[in-house]
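Residue numbers (UniProt numbering): 1 to 327.
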């Protein structure tokens, strides 16, 4: 049992150590809520950090999570109200209240650990023997792997620019009634597919990128046995990321019409990890202050040389594929 005022230091099987305090988290959460209400956070020197600007959403997200970019980790929590909340909920069902031994991560830290152990009672059927291994599978939505091909022209006046950042977004073309979205409606529906850095040479550059190369997704969940193996990497295991098999939305038999949007930005301005730009840039705010109310995304992109847009269709078929060989 983890009491509401109990402070514990936990070392998980993944090798990470953290200090958990439910009481401190409540205090830190109230500070976050107060800061959001006033659009102001406090940095380590007590100065005001305003949230009503381009970087506001990133500053708030970094502080709530929290990571190394938190505006004031000592005041708002080194582990953040988000991460600490996961730890506290994961420890709620801990059978080792004194934290004497390392425990398997709880369901809030890794959902594969929620599978209970089977007891041997009722397993006996000794007159029947299997001659081969029994495999179990389940069906889920998936998509074929695809590849982006982007044509970029580097002019002479950009001779000092050798690298650039590519941002790819996907979004619906029209609503359920077939009406085309305007930019203000559409920007809230655009979701990022990939972002990566490329090298540029003078003249025409052909960039090809596989859908499986995106760093925003994770592979399909592995088995619990694999998760319990020692982590050979120097970095702790991270289960964050959108599932790779759900990268694109479910299409229709006729073809779901979507916009594929690409934007090239200066890599020098995007070198800050994970990104110097605001979250969901450039759709984090209105693209133009003087845009017409009924302008669509195509009209906006037409006036910006480092943006491009193309129409794609996502087809859905009730086809079942067996990608695993059973031996």
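Note that the Cβ used here is the ideal one computed from N, Cα and C, for glycine as well.
The beta strand (DSSP E) enclosing residue i, as first and last residue numbers
i           : result
residue 150 : 147-154
residue 49  : 48-50
residue 203 : 203-210
Proximity winner among the options, relative to residue i (alpha-carbon distances)
i           : options             : result
residue 179 : 141, 50, 295 and 80 : 295
residue 169 : 21, 26 and 308      : 308
residue 244 : 212, 257 and 261    : 212
residue 190 : 197, 181 and 196    : 181
residue 184 : 297, 21 and 301     : 297
residue 27  : 80, 263 and 155     : 80
residue 261 : 299, 50, 159 and 78 : 299
residue 55  : 47, 44, 219 and 39  : 39
residue 24  : 35, 76 and 278      : 76
residue 275 : 58, 50, 156 and 86  : 58
residue 82  : 65, 259, 71 and 74  : 65
residue 78  : 143, 220 and 21     : 21
residue 29  : 71, 50, 84 and 52   : 84
residue 173 : 312, 36, 280 and 50 : 312
residue 44  : 51, 74 and 219      : 74
residue 72  : 288, 49, 265 and 86 : 49
residue 314 : 255, 37 and 301     : 255
Close Cβ partners of residue i (< 7 angstroms) along its chain, the five nearest in sequence each way excluded
i           : result
residue 162 : 199 and 200
residue 146 : 211
residue 151 : 204 and 206
residue 263 : 167, 282, 306 and 307
residue 69  : 62
residue 35  : 41
Close-in-space but distant-in-sequence residues of the same chain around residue i (CB under 8 angstroms, 5 per side omitted)
i           : result
residue 317 : 253
residue 141 : 245, 246 and 250
residue 320 : 139
Same chain, Cβ closer than 6 angstroms to residue i, neighbours up to 5 away in sequence not counted
i           : result
residue 89  : 108
residue 149 : 208
residue 214 : 194
residue 304 : none
residue 143 : 248
Secondary structure of residue i, DSSP reduced to three states
i           : result
residue 316 : coil
residue 41  : strand
residue 157 : helix
Bridge partner(s) assigned by DSSP for residue i
i           : result
residue 311 : 259
residue 266 : 164
residue 194 : 168
residue 174 : 180
residue 199 : 163
residue 252 : 315
residue 243 : 218
The ligand NAP heavy atom lying under 7 angstroms from the CB of residue i
i          : result
residue 66 : Among the ligands in the structure shown, none appear at all, so the ligand NAP cannot be discussed.
For residue i, the first and last residue of its enclosing alpha helix (DSSP H)
i           : result
residue 34  : 22-38
residue 75  : 73-76
residue 189 : Neither: residue 189 is in no alpha helix (DSSP H) and is coded neither H nor E.
residue 64  : 56-65
residue 304 : Taken as a continuous stretch (DSSP letters only), residue 304 belongs to no alpha helix (DSSP H), as it is neither H nor E.
Neighbour flag for residue i against chain D, beta carbons, 8 angstroms
i          : result
residue 58 : Going by chain labels, chain D is absent from the structure shown, which holds only one protein chain.
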